[in-house]
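First the structure, in the form of structure tokens, and then the observations on it.
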Amino acid sequence: MPGLKTAWKEYLEESMLPHMWCPGCGNGIALGALTRALAELKLPRHKVVVVTGIGCWGKADDYLSTNALHGTHGRALAFATGVKAARPELTVVVLMGDGDGATIGGNHLIHAARRNIDLTAVVVNNYNYGMTGGQVSATTPAGAITSTTRYGNPERDFDLCRLVEAAGANYVARGTVYHVPQLDRLIRDGIAKKGFSFIEVVSPCPTHFGRRNRLGPAVQMMKLLKERAVHVGSAAAKGGELPEGSFFIGKLAERDDPDFNTSYEKMRKKALAKGTESS
Amino acid sequence: MNEPANGSKIKDKNESTVGRGSKETRRLFLQGNEAIAEGAVAAGARFYAGYPITPSSEIAEVCSEKLLEAGGVYIQMEDELGSIAAVIGASLTGVKAFTATSGPGFSLMQENLGVAILGEVPCVVVNVQRSGPSTGLATRPAQADVMQARWGRHGDQHLIVLSPATVQECFELTVTAFNLAERFRVPVVLLADEIVAHMRENVALPDPAQIKIVNRKKPTCPPEEYLPFKPDPDGVPPLADFGSAYVFHVTSSMHGERGYSQNDPANAQAKIRRLFTKLENHLDEILLVKHHYNREEELDLLIVAFGCTVRPARAAALRAFGRKVGVLQLITLWPFPDALVAQAAARARALLVPELNMGQVGREVERVVGKAKPVFGLPKSNGEGFTPGEISARIEEVFACLG
Amino acid sequence: MCQIKIDPKRCKHCGICIAFCPQEVFGADCRGAPVVERAEKCTACGLCVMRCPDFALEVGEKGK
Numbered sequence: 001m002p003g004l005k006t007a008w009k010e011y012l013e014e015s016m017l018p019h020m021w022c023p024g025c026g027n028g029i030a031l032g033a034l035t036r037a038l039a040e041l042k043l044p045r046h047k048v049v050v051v052t053g054i055g056c057w058g059k060a061d062d063y064l065s066t067n068a069l070h071g072t073h074g075r076a077l078a079f080a081t082g083v084k085a086a087r088p089e090l091t092v093v094v095l096m097g098d099g100d101g102a103t104i105g106g107n108h109l110i111h112a113a114r115r116n117i118d119l120t121a122v123v124v125n126n127y128n129y130g131m132t133g134g135q136v137s138a139t140t141p142a143g144a145i146t147s148t149t150r151y152g153n154p155e156r157d158f159d160l161c162r163l164v165e166a167a168g169a170n171y172v173a174r175g176t177v178y179h180v181p182q183l184d185r186l187i188r189d190g191i192a193k194k195g196f197s198f199i200e201v202v203s204p205c206p207t208h209f210g211r212r213n214r215l216g217p218a219v220q221m222m223k224l225l226k227e228r229a230v231h232v233g234s235a236a237a238k239g240g241e242l243p244e245g246s247f248f249i250g251k252l253a254e255r256d257d258p259d260f261n262t263s264y265e266k267m268r269k270k271a272l273a274k275g276t277e278s279s
Numbered sequence: 280m281n282e283p284a285n286g287s288k289i290k291d292k293n294e295s296t297v298g299r300g301s302k303e304t305r306r307l308f309l310q311g312n313e314a315i316a317e318g319a320v321a322a323g324a325r326f327y328a329g330y331p332i333t334p335s336s337e338i339a340e341v342c343s344e345k346l347l348e349a350g351g352v353y354i355q356m357e358d359e360l361g362s363i364a365a366v367i368g369a370s371l372t373g374v375k376a377f378t379a380t381s382g383p384g385f386s387l388m389q390e391n392l393g394v395a396i397l398g399e400v401p402c403v404v405v406n407v408q409r410s411g412p413s414t415g416l417a418t419r420p421a422q423a424d425v426m427q428a429r430w431g432r433h434g435d436q437h438l439i440v441l442s443p444a445t446v447q448e449c450f451e452l453t454v455t456a457f458n459l460a461e462r463f464r465v466p467v468v469l470l471a472d473e474i475v476a477h478m479r480e481n482v483a484l485p486d487p488a489q490i491k492i493v494n495r496k497k498p499t500c501p502p503e504e505y506l507p508f509k510p511d512p513d514g515v516p517p518l519a520d521f522g523s524a525y526v527f528h529v530t531s532s533m534h535g536e537r538g539y540s541q542n543d544p545a546n547a548q549a550k551i552r553r554l555f556t557k558l559e560n561h562l563d564e565i566l567l568v569k570h571h572y573n574r575e576e577e578l579d580l581l582i583v584a585f586g587c588t589v590r591p592a593r594a595a596a597l598r599a600f601g602r603k604v605g606v607l608q609l610i611t612l613w614p615f616p617d618a619l620v621a622q623a624a625a626r627a628r629a630l631l632v633p634e635l636n637m638g639q640v641g642r643e644v645e646r647v648v649g650k651a652k653p654v655f656g657l658p659k660s661n662g663e664g665f666t667p668g669e670i671s672a673r674i675e676e677v678f679a680c681l682g
Numbered sequence: 683m684c685q686i687k688i689d690p691k692r693c694k695h696c697g698i699c700i701a702f703c704p705q706e707v708f709g710a711d712c713r714g715a716p717v718v719e720r721a722e723k724c725t726a727c728g729l730c731v732m733r734c735p736d737f738a739l740e741v742g743e744k745g746k
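Top to bottom, those sequences are chains D, U and W. First residue of the first sequence? That's 1 in the working numbering, and the numbers climb one at a time after it. First residue of the second sequence? That's 280 in the working numbering, and the numbers climb one at a time after it. First residue of the third sequence? That's 683 in the working numbering, and the numbers climb one at a time after it.
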């Protein structure tokens, strides 16, 4: 894939670099994976709309040269639903963090999945609210230390992939910023898949989550991703129970239910036929 | 001047066509909410995202049918935050988009309405006001969201708010709301109320060809030169569609002309100032009032009213035997029509502002003319509309006070 | 032998390229910034480019 080494730069707004993310933050890696996925699908920039929410990963639109809509905290999927429902021919990619996409925006997440609207949500999960100082989120593991759970998180975390799968998404996958070639493929396949696609990207926040939970600097946190991620197709995965702290990566669920726009078009055809009859 | 132009028509199997003005004019017996939905379709709206709430739900119900028949999109979102967000997303693809709600839902929409203001996204939000605060006297009438419509969001910003007083105006002002939204790249709030929205009246829907429709300015420069927030001399930047050859960014963060986020203080000040001036430099296109009296005459009392209060105010004015009482109907509530109120007040001895709230418009009238004329209020917040008798009684008190 | 370019304006010294290069091409200077120490070992696999969070690395084709 020699062409890919430069083709993806077309989607990157290099004039905005260096970006605002901390040293060792995985957001830049996830952004690279997204641009390579867009390049591999050869999507023209003007046919792509990237919708972002608020948070560290929500700033990603500043570094992209596609169309972009940067909205409010938790609402990115709702903004994106408007874009996609109005213009089904556009490729709409939604970038949210775990706080944005799964905590304040949890309701929109399950409804976007239920509606099975043809959006691709790329949720970077760093287990806490990075931008506001490392507070607890809906994906912070039980017991973990954050700036608002000083004695440990008393609440359980969401398994986002299981949540979204249960809500009806057509494509559900998890990757990490350590396993980049795989992450490129997961995002690419998610975009190519009709219906709601959800890719959780496990990523280090060395500044807050890593520091408070003594997980070491970025390099150590990347090593942890390597150790704890279990490929769904692997022999280890088939062995049964996951060890504490481990998680599956890869394509976790796929189905071919009709997407929102396809179902909607059927209803609209009926309505248009009625409109013609009565005139 | 400053009197609203007429609105429109759409085909319906129940229509009756009569030759009043135009041979295509249809006369229908409609509810205010139905007239708003008809007005939206006539204005070219093809996208509605909303969440049901009384007393606005009929707008959603009519749109779920009419918009599909017109080839458009109706989507019921999971809440009002999502509704206005979807409207903004849809509008940026070039479609005229709107939502309708009532007080509690309008409260939920405020943050994203700020996105539409800063991002300069044309859209229309219908707020059929009901009693509050909170669930309040669900779902009785009120006019208490005047200040929320103007100031409900954090930060400095400006927008347009229109208020219909009749079912006919529900139709016409919905068309006007879309036209102003498109003209100025700004959200427009149609601030209706439960009484106007649920009242049924005969409405004349004109031939669509006779309805003035305004569409947003599109860029004409080469795509690579397009700056989505670079204003034309009128202060309004042209807006491309997502999916066209023009690639652009819209952000809720402070941004430069390119639409990428920018923290430069001079840029931020210029942008905020322009959000005000793009409206304030064109007040002649925005401010609408109706004078329900002979403007040549000096008045003993000028009643300033809006929405459902106009009708009982006019009835009370007619009953004020021996005194000259006129009603100035405010259609544009924001930007507040300072000059038009001052002009009308100059020929009146005193002013009276009856309203279904604790004095929100009264305070504005006082700000404008309070130093020159006595301004009396008639606030009411019990979940009921005014009767003409209540306003008449207050008129008598005012005259007793004036001596 | 490949051309490896490090953009010092973008690099934030996170150390990821140094730690995870399969061929251990990179070393660190006294500030923790990566330096190309064994360019001849580079196979142009591109993993460092993909894992660099800062878009600070470019690797040419093998032999270029």
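Ideal Cβ positions, reconstructed from N, Cα and C, are used throughout, including at glycine. Computed from a predicted model, the values in this text were never measured in an experiment.
Original post:
In chain D, what lies closer than 8 Å to Gly697 of chain W by C-beta?
Top reply: Gly24, Pro217, Ala218, Val219
Subject >> chain U residues whose Cβ lies nearer than 8 Å to that of Val83 of chain D >> reply: Those are Gly368, Ala369, Leu371, Thr372, Phe521, listed as they occur along chain U.
Original post:
What's the call for Glu743 of chain W, buried or exposed, on a 16-neighbour Cβ count within 10 Å?
Top reply: exposed
Subject >> Cβ-based burial, Phe600 of chain U [other Cβ within 10 Å; buried from 16] >> reply: exposed
Original post:
Can the beta-carbon of Glu675 of chain U be found less than 7 Å from the beta-carbon of Gln422 of chain U?
Top reply: Cβ distance not < 7 Å, so Glu675 of chain U and Gln422 of chain U don't count as in contact.
Original post:
Taking the C-alpha atoms as reference points, what is the distance between Thr372 of chain U and Ala316 of chain U?
Top reply: 21 Å
Subject >> From D:Glu227, D:Lys251, D:Arg255, residue whose alpha carbon lies closest to that of Leu242 of chain D >> reply: D:Glu227
Original post:
Leu272 of chain D touches chain U at which residues, Cβ-Cβ below 8 Å?
Top reply: Simply Leu347, Glu348, Gly350.
Original post:
So, does the CB of Arg720 of chain W fall closer than 7 Å to a CB anywhere in chain D?
Top reply: No, Arg720 of chain W lies away from the interface with chain D (no Cβ there is under 7 Å from its Cβ).
Subject >> Length of the line joining the Cα atoms of Gly668 of chain U and Thr103 of chain D >> reply: 53 Å
Original post:
Can we say the region 193-201 of chain D touches the region 10-18 of chain D, given the rule of at least three CB pairs closer than 8 Å?
Top reply: no
**OP:** Determine, using beta carbons only, whether Ser531 of chain U comes closer than 7 Å to chain D.
**Re:** yes
**OP:** Run down chain D in chain order and give the residues with a C-beta less than 8 Å from the C-beta of Ser540 of chain U.
**Re:** Lys59, Asp62, His70
**OP:** Take Thr72 of chain D as the anchor and find which of D:Gly239, D:Met96, D:Ala237 has the nearest alpha-carbon.
**Re:** Distance from the Cα of Thr72 of chain D is smallest, within the candidate group D:Gly239, D:Met96, D:Ala237, for D:Met96.
Subject >> Contacting positions in the region 725-737 of chain W - beta carbon closer than 8 Å to chain D >> reply: Gly728, Leu729, Val731, Met732, Arg733, Cys734, Pro735, Asp736, Phe737
**OP:** Could you tell me which uninterrupted beta strand (DSSP E) segments, each at least 3 residues in length, are contained entirely in the region 199-237 of chain D, listed from first to last along the chain?
**Re:** 229-231
**OP:** Using the Cα positions of Gly300 of chain U and Arg593 of chain U, report the straight-line distance between them to the nearest angstrom.
**Re:** Below a pLDDT of 50, predicted positions are generally treated as unreliable, and Gly300 of chain U, at 49, falls in that range; the measurement from the model is reported next regardless. The straight-line gap from Cα to Cα measures roughly 26 Å.
Subject >> Glu399 of chain U at chain D interface by Cβ criterion, 7 Å >> reply: no
Subject >> Rounded straight-line distance, which links the Cα of Ile354 of chain U to that of Met267 of chain D >> reply: 12 Å
Original post:
If we ignore side chains and look at the alpha-carbon of each, how far apart do Asp486 of chain U and Thr455 of chain U end up?
Top reply: 16 Å
**OP:** Show which residues of chain D have a CB atom less than 8 Å away from the CB atom of Lys694 of chain W.
**Re:** Going along chain D in sequence order, the residues near Lys694 of chain W (Cβ under 8 Å) are Pro18, Cys22, Pro23, Gly24.
Original post:
Beta-carbon of Ala701 of chain W versus every beta-carbon of chain D: anything under 7 Å?
Top reply: True, the Cβ-Cβ gap to chain D drops below 7 Å.
Original post:
Lys691 of chain W versus chain D: which residues are under 9 Å apart at the beta carbon?
Top reply: Leu17, Pro18
**OP:** Return the CA-CA distance between Glu390 of chain U and Gln685 of chain W, expressed in angstroms with no decimal places.
**Re:** 50 Å
Original post:
In the structure shown, what three-state DSSP assignment does Gly368 of chain U receive?
Top reply: helix
**OP:** Give the DSSP-derived three-state secondary structure of Leu387 of chain U in the structure shown.
**Re:** helix
Original post:
If you draw a straight line from the alpha carbon of Pro653 of chain U to that of Gly638 of chain U, how long is it in whole angstroms?
Top reply: 15 Å
Original post:
Given His231 of chain D, which residues of its chain have a CB within under 7 Å of its CB, disregarding the five upstream and five downstream residues?
Top reply: Cβ neighbours of His231 of chain D beyond the five flanking positions: Ala237, Ile249, Gly250.
**OP:** Just mark His111 of chain D as buried or exposed, buried being the case when its beta carbon has 16 or more other beta carbons within 10 Å.
**Re:** The residue is buried, with at least 16 neighbouring Cβ atoms inside 10 Å.
**OP:** Mind listing the chain D neighbours of Phe527 of chain U? Cutoff is C-beta to C-beta under 7 Å, in chain order.
**Re:** Within 7 Å of the CB of Phe527 of chain U, the CB atoms of chain D belong to Asn67, in sequence order along the chain.
Original post:
Name the chain U residues that come within less than 8 Å of Lys47 of chain D, Cβ to Cβ?
Top reply: Simply Gly522.
Subject >> Assigned exposure category for Cys734 of chain W - 16 Cβ within 10 Å defines buried >> reply: Flag for Cys734 of chain W reads buried.
**OP:** Using a Cβ cut-off of 8 Å, pull out every chain D residue sitting near Ala365 of chain U, in sequence order please.
**Re:** Ala78, Phe79, Thr81, Gly82, Ala85
**OP:** Check whether the Cβ of Asn261 of chain D lies closer than 7 Å to any Cβ atom in chain U.
**Re:** By this cut-off, Asn261 of chain D is not an interface position.
Subject >> Rounded straight-line distance, which links the Cα of Ile332 of chain U to that of Gly452 of chain U >> reply: The sequence shown places Leu at residue 452 of chain U, rather than the Gly named in the question. Rounded to whole angstroms, Leu452 of chain U to Ile332 of chain U spans 21 Å at the Cα level.
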